[in-house]
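Contents: one structure, followed by commentary.
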Amino acid sequence: MDAENGFQRKSNEELLTEYKQTCALEIKQELVLRYVHIVRNIALQMRNVYLGFSQLDDVVNEGVLVIMNAIEKFDLERNVKFETYISKRIRGMIIDLARKQDWIPRGVRKSAKDIDNATLELYNETGRFPKPQEVADFLGIGLDKYQEILGKTTLFNVLSLDVLLEETSIKQKNNEIAAPHSPVRPEQHTLDKELKGMLVDGIKDLRDNEQTVLSLYYVEELNMKDIAKVMQLSEPRISQIHSNAIRKLRISMQKTMG
């Protein structure tokens with residue numbers, strides 16, 4: 014009981030510091046209890062990513078393991094909040110779960126790629142994002158058929174901005190020439206800043222409702238249901254707006270990187 018009372022008087026940061034010094038199991042357990050709400054919030058926010066193959070409780074349990082591992086690996090000297098550190102790792106865990114399941118059918122992947130390629134080519138020609146009818150004409154299909162295909166590819170685009178940044182980061186790193194086993198270069202420290210700059214430029218081209226959905230989802234961390242209430246739209250419509258915004262951002266970043 015004395016230990017519990019002592020924990021209550023200490024901040025999360027103080028407990029983290031104390032754990033690094035003592036490796037006391039009861040402190041680690043207390044930290045997990047204090048941070049498990051972050052796992053649940055992220056799991057709820059990203060439920061569309063794993064809805065087809067996993068349950069909320071299973072994802073939360075995986076997230077608890079992420080927190081336990083993060084407590085061990087977190088560097089107190091880094092200028093990063095532990096909340097930020099584990100949030101990124103939890104999102105990455107959920108994304109990895111989805112990738113391992115290969116949950117997106119091959120046909121849907123191909124359709125999404127065809128639409129992306131058509132949109133990118135039209136974007137390069139006109140300097141703006143094409144209208145649905147223009148993409149449909151480019152693909153040689155009717156608008157109704159295009160909308161049907163677009164609906165099937167919504168889940169393909171529903172993954173978070175973390176995936177978008179990760180994919181772009183990998184591409185940018187692959188475009189660089191580096192000697193084997195070379196140390197981390199100073200340029201890599203600016204990678205996140207450069208990628209975020211690309212995102213900012215891409216977001217400027219989005220429609221107002223697309224910018225609002227991204228802000229509510231990624232900044233305010235509301236789920237699709239809550240965003241639907243705020244914007245007075247249906248949840249499927251919010252999901253569609255989110256999907257379109259991610260597609261546009263991906264195309265914008267692809268264009269920037271060449």
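Counting in our numbering, the sequence shown runs from 14 upward without gaps. Every residue gets a Cβ at the ideal spot worked out from N, C-alpha and C, and that includes glycine.
Asked: 7 angstroms Cβ shell around residue 143 - same chain, five flanking residues per side excluded; Found: 132, 135 and 136
Asked: CB of residue 129 within 8 angstroms of CB of residue 22, strictly; Found: no
Asked: Per-residue burial, residue 119 [other beta carbons within 10 Å of its own, 16 or more giving buried]; Found: exposed
Asked: Cβ-Cβ distance between residue 216 and residue 237 below 8 angstroms; Found: no
Asked: Contacts around residue 267, its chain only, beta-carbon distance under 7 angstroms, and the 5 residues preceding and following it disregarded; Found: 133
Asked: C-alpha distance - residue 225 paired with residue 20, whole-angstrom precision; Found: 40 angstroms
Asked: Residue 140 in three-state terms, based on DSSP; Found: coil
Asked: Inter-residue Cα distance where the pair is residue 183 and residue 44; Found: Reliability of the predicted coordinates at residue 183 is poor, the pLDDT of 45 falling under 50, and the value obtained from them is presented with this limitation in mind. Those two C-alpha atoms are separated by around 33 angstroms.
Asked: Supposed close pair residue 94, residue 121 - CB separation, criterion 8 angstroms; Found: About 37 angstroms separates the two Cβ atoms, so there is no contact after all.
Asked: Sequence-distant residues of the same chain with beta carbon closer than 7 angstroms to residue 113, five excluded per side; Found: none
Asked: Distance between residue 152 and residue 70 (C-alpha atoms, nearest Å); Found: 42 angstroms
Asked: Span separating the alpha-carbon of residue 235 from that of residue 245; Found: 14 angstroms
Asked: N-terminal and C-terminal residue of the alpha helix (DSSP H) that residue 152 is part of; Found: 145 to 152
Asked: First and last residue of the uninterrupted alpha helix (DSSP H) at residue 97; Found: 95 to 114
Asked: Burial state of residue 223, where buried means 16 or more other Cβ atoms lie within 10 Å; Found: buried
Asked: Close beta carbons around residue 147, own chain, < 8 angstroms, minus the five adjacent residues each side; Found: 135
Asked: Buried versus exposed call for residue 58 [16 or more other C-beta atoms within 10 Å across all chains shown]; Found: buried
Asked: 7 angstroms CB neighbourhood of residue 52 in its chain, flanking five on each side removed; Found: 73, 76, 77, 80 and 103
Asked: Limits of the alpha helix (DSSP H) - the one that residue 159 falls within; Found: 156 to 165
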